[in-house]
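Let me begin by presenting the structure, written as structure tokens, before commenting on it.
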Amino acid sequence: MSDPLTIIPATSPDEFQAARALFQAYAKSVDLGYCLRNFKRELEELPKGYEPPQGAILLAWMELDGAPQAVGCVGIAPFQGAWEQNGTAEMRRLYVIPAQRGQGVGRALAEAAMTFSKQAGYTALRLETADTMVEAMALYAQLGFERQQPPTKFFPANIKILQRAV
1 MSDPLTIIPA TSPDEFQAAR ALFQAYAKSV DLGYCLRNFK RELEELPKGY
51 EPPQGAILLA WMELDGAPQA VGCVGIAPFQ GAWEQNGTAE MRRLYVIPAQ
101 RGQGVGRALA EAAMTFSKQA GYTALRLETA DTMVEAMALY AQLGFERQQP
151 PTKFFPANIK ILQRAV
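The opening position of the sequence shown corresponds to residue 1 in full-length UniProt numbering, with each subsequent residue numbered one higher.
Okay, structure coming up:
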């Protein structure tokens with residue numbers, strides 16, 4: 001990364017608007033209807049589901065062309081899935097704008113999500129990703145995430161569940 005990166009939790013209306021824009025860019029970049037269930041409602045109701053102290057939307061900011069710009073985001077929320085796991089947070093919507101990929105922004109956001117999760121009292125962090133997201137899968141493996149079994153035999157085959165202790 002050539003420019004300094006700052007990662008902050010979204011707290012203001014402008015920051016939530018930046019998160020919405022990044023979430024929308026994320027949705028356009030993936031062809032995964034499974035992970036976009038109720039997405040429109042999620043956008044409309046932000047920050048619902050990501051409220052502190054158990055959740056957050058973290059934004060990565062960089063100075064680009066002389067002005068601060070949100071270049072990436074990640075959401076952290078209490079895990080609520082097909083099977084409950086007390087003490088587990090879920091990392092969602094990790095996204096970096098194309099111009100800033102390959103510069104460590106995604107890693108910094110994932111590490112910030114792990115730190116937030118630990119500080120919020122979680123013992124584990126889980127996520128779901130598509131097996132077609134090769135770079136993301138490699139990053140998660142480097143960060144110590146391990147594959148988990150799907151909760152049911154009806155779980156989409158191309159979606160992988162990953163988890164690690166925090």
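Just so it is clear, CB atoms sit at the ideal spot from N, CA and C, and this is done for glycine as well.
Integer-rounded CB distance, given that residue j should sit under 8 Å from residue i
i, j, result
"Ala89", "Gly72", "Not quite, the Cβ-Cβ distance comes to about 18 Å (not below 8 Å), so this is no contact."
"Ala138", "Asn158", "About 17 Å separates the two Cβ atoms, so there is no contact after all."
"Ala56", "Phe145", "Incorrect: roughly 19 Å between the Cβ atoms, too far for contact."
"Thr106", "Leu94", "First, the amino acid is wrong: residue 106 is Gly here, not Thr. Confirmed, about 6 Å."
"Ala19", "Ala27", "The Cβ separation is near 13 Å, so there is no contact."
Residue i, enclosing alpha helix (DSSP H) - first and last residue
i, result
"Gly106", "Val105 to Gln119"
"Ala138", "Val134 to Gln142"
Residue range of the beta strand (DSSP E) that includes residue i
i, result
"Gly72", "Ala67 to Pro78"
"Tyr95", "Thr88 to Val96"
"Gln149", "Segment: none, Gln149 is in no beta strand (DSSP E) and carries neither H nor E."
"residue 167", "Past the boundaries of the shown model lies residue 167; the chain is included only from 1 to 166, so the question cannot be answered."
"Ala124", "Ala124 to Ala130"
"Arg164", "Ile159 to Ala165"
Closest by C-alpha distance to residue i, when choosing among the options
i, options, result
"residue 169", "Pro78, Arg164, Gln17 and Glu15", "This structure cannot speak to residue 169, because the chain is shown only from 1 to 166."
"Ala141", "Leu43, Arg164 and Ser12", "Arg164"
"Val30", "Leu5, Glu15, Pro98 and Gly87", "Pro98"
"Val74", "Val134, Met114 and Glu63", "Met114"
"Leu64", "Gln100, Asn38 and Leu58", "Gln100"
"Met133", "Ile161, Phe154, Gly87 and Gly49", "Ile161"
| Which ranges would you report for the alpha helix (DSSP H) in the stretch 15-54 if only whole runs of at least 4 residues count? | 39-45
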